[in-house]
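Residues in the sequence shown are numbered from 1 upward in steps of one, following the UniProt record's numbering. The C-beta atom is built at its ideal place from N, Cα and C for all residues, glycine as well.
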Amino acid sequence: GISRPVVTGHSDGMVRLWDLARGSTPTLKLAGHKDVVVCISADRDSQRVLSGSHDGTLRLWDLKTGICLRELTGHQEQVLCVAAGWSQLRAVSGSVDTNLRLWNLNKGETLRILKGHTGSVCCVAVNWDKQQALSGSIDKSLRTWDLERGQCLQTLAGHSSVVLCVSVEWTRRRALSGSADQTLRLWDLKAGTPLHQQYLGAGPVRSIAVDWNRQTVLCGSRDNMPRLWDVERWECVHTLKGHRESVCCVDADWHTCRGISGSEDATLRLWDLEYGGPLQEIQ
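Here is the structure:
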């Protein structure tokens, strides 16, 4: 199965840690947020988690002790996305306030405020080595950023609705975005142009996990079935059936060909991505 513990955020404001081998009882519950926890970045080596919430804050947690180490305040509205660079002790978050913030996790301070989007920032991916980020917004655009200077480098237009999720292959300067327009778009970041658009027809594409080496993406959409796509041939390889409500989030361990999805039916499901079958349900 997925070799690492799974960390989830919940509508009750809790962050929960799961050991899939133990099944349906969380091994740790982290309380502190005052509203829905919508995004998480976790690091297995340092045993730390950064969570973002609709209460407008981010919290840095120590999984060994269950203690909240830092509360990061500054966003004026709900936090929607976060990406952490654990070796650099930095993070970038996006919010309904239309801004991205670059954080110093050691001090809990804002280093930069990135302004340019005209709507909520829904997703972000970061290349910490090159100090660049790619964000997606309710304004239907994606933007690349220079984190050192706090400047927008380019704007990618093409989606006809909210950009909800993004993944980047930084070495080849390509990105994949999912949108409420029910499409996946493949982008050439060097040229700033779209390479392909694929209509999935399963409702808004809310979450993606990409294996750029195998040209494969696991998609979670508004319907109740995660789908595995071959993005070289643009074929749906597997439709994963089992959830009873909309899929909110997906992730994958590509080394073991295992996927995991969270749903509005209040379950986590573990999947065999090679054969397209269910492995485990956690309620």
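Proximity winner among the options, relative to residue i (alpha-carbon distances)
{"i": "Ala31", "options": "Asp43, Asp12, Ser41", "result": "Asp12"}
{"i": "Val38", "options": "Leu268, Glu245, Val79, Val92", "result": "Val79"}
{"i": "Glu245", "options": "Ser261, Ala84, Leu200, Gly85", "result": "Ser261"}
is_contact[residue i, chain D] using C-beta, thresh 9 Å
{"i": "His196", "result": "This model lacks chain D altogether; it includes just one protein chain."}
Residue i versus residue j - alpha carbon distance
{"i": "residue 286", "j": "His75", "result": "Residue 286 lies beyond the residue range present for the chain, which begins at 1 and ends at 283; the question has no answer from this structure."}
{"i": "Arg174", "j": "Pro278", "result": "31 Å"}
{"i": "Val231", "j": "Asn106", "result": "39 Å"}
{"i": "Trp103", "j": "Arg90", "result": "5 Å"}
{"i": "Val205", "j": "Leu111", "result": "31 Å"}
{"i": "Val247", "j": "Gly56", "result": "24 Å"}
{"i": "Trp128", "j": "Leu69", "result": "22 Å"}
{"i": "Gly1", "j": "Val82", "result": "Bear in mind that the predicted position of Gly1 carries a pLDDT of just 36, short of 50, making it too unreliable to give a figure here."}
{"i": "Val168", "j": "Gly66", "result": "32 Å"}
{"i": "Thr216", "j": "Leu228", "result": "7 Å"}
{"i": "Asp188", "j": "Ser95", "result": "26 Å"}
Cβ neighbour criterion (16 or more within 10 Å) applied to residue i
{"i": "Asp19", "result": "exposed"}
{"i": "Ser24", "result": "exposed"}
{"i": "Ser87", "result": "exposed"}
{"i": "Gly9", "result": "buried"}
{"i": "Thr256", "result": "exposed"}
Contacts around residue i, its chain only, beta-carbon distance under 7 Å, and the 5 residues preceding and following it disregarded
{"i": "Leu63", "result": "Leu17, Leu28, Gln47, Arg48, Val49"}
{"i": "Pro26", "result": "Arg16, Leu17, Trp18"}
{"i": "Asp35", "result": "Gly13, Ser53, His54, Asp55"}
Cβ neighbours of residue i in the same chain (closer than 6 Å, five flanking residues each side left out)
{"i": "Gln154", "result": "Thr144, Gly192"}
{"i": "Ala42", "result": "Val7, Val49"}
{"i": "Ser160", "result": "Asp181"}
{"i": "Ser207", "result": "Cys165, Gly220, Cys249, Val250"}
{"i": "Gln280", "result": "Leu270"}
{"i": "Arg59", "result": "Gly32, Ser51, Cys68, Glu71"}
{"i": "Ala252", "result": "Ala209, Leu218, Gly259"}
Residues of its chain near residue i, where Cβ-Cβ distance is below 8 Å and the 5 sequence neighbours each way are ignored
{"i": "Lys190", "result": "Arg173"}
Subject >> Minimum length 3: unbroken beta strand (DSSP E) runs contained in the UniProt repeat "WD" (156-197) >> reply: Listed in chain order, the complete beta strand (DSSP E) runs (minimum 3 residues) inside the UniProt repeat "WD" (156-197) are 163-169, 174-179, 183-188.
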